[in-house]
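The structure appears below as structure tokens.
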Amino acid sequence: MKRQISLDRESFMRSLNQEQQELVKQVDALYSDFVDLQIAKERLQEWKAKGKPKGYTLDELKKEILGIECS
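Residue 29 is where the sequence shown starts when you use our numbering, and the numbers rise one by one after that.
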């Protein structure tokens with residue numbers, strides 16, 4: 029099924045002119061940013077639910093919210 033969707037998208041993109049393709053790419057980027065923001069908001073809520081642990085640096089908090097492992 030994923031292969032079929034990929035082929036459908038490719039044929040769809042080929043059917044568009046350059047300007048339309050650019051608009052589709054912009055919408056894709058906006059949607060990706062929206063999804064990333066939603067995930068970050070959910071993780072922030074989870075962090076707040078844990079009682080906002082003290083002792084986090086700003087960088088550690090960003091990593092926690094974004095789901096990046098602290099090294």
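Glycine included, C-beta positions come from ideal geometry on N, C-alpha and C. This one's a predicted model, so the numbers in the text were calculated from it and none came from an experiment.
- For Ala77 and Ile93, believed in contact at Cβ under 8 Å, the rounded distance: The residue labelled residue 93 in the question sits at position 65 within the sequence shown. The residue labelled residue 77 in the question sits at position 49 within the sequence shown. Contact between Ile93 and Ala77 is ruled out by a C-beta separation of about 13 Å, above the 8 Å threshold.
- Item | Opening and closing residue of the alpha helix (DSSP H) in which Ser60 lies | The residue labelled residue 60 in the question sits at position 32 within the sequence shown. Gln46 to Ala77 is the span of the alpha helix (DSSP H), which, as asked, contains Ser60.
- According to the neighbour-count rule (16 or more other Cβ atoms, all chains shown, within 10 Å of its Cβ), is Gln48 buried or exposed? As a first step, residue 48 is located in the sequence shown; it is residue number 20 there, counting from the start. Gln48 counts as exposed, since fewer than 16 other C-beta atoms from the protein chains shown sit within 10 angstroms of its C-beta.
- Coarse secondary structure for Ser39, derived from DSSP in three states: Here residue 39 refers to the residue found at position 11 when the sequence shown is read from its first residue. Looking at Ser39 - three-state DSSP - the assignment turns out to be helix.
- Could you tell me whether the Cβ atoms of Leu44 and Val52 are closer together than 8 Å? Numbered from 1 along the sequence shown, position 16 holds the residue referred to as residue 44. Numbered from 1 along the sequence shown, position 24 holds the residue referred to as residue 52. With contacts defined as CB atoms closer than 8 Å, Leu44 and Val52 qualify as a contacting pair.
- If we ignore side chains and look at the alpha-carbon of each, how far apart do Arg42 and Glu50 end up? Residue 42 sits at position 14 when you count from the first residue of the sequence shown. Residue 50 sits at position 22 when you count from the first residue of the sequence shown. Rounded to whole angstroms, Arg42 to Glu50 spans 12 Å at the Cα level.
- Rounded straight-line distance, which links the Cα of Glu38 to that of Gln66: The sequence position of residue 66 within the sequence shown is 38, counting from 1. The sequence position of residue 38 within the sequence shown is 10, counting from 1. Those two C-alpha atoms are separated by around 27 Å.
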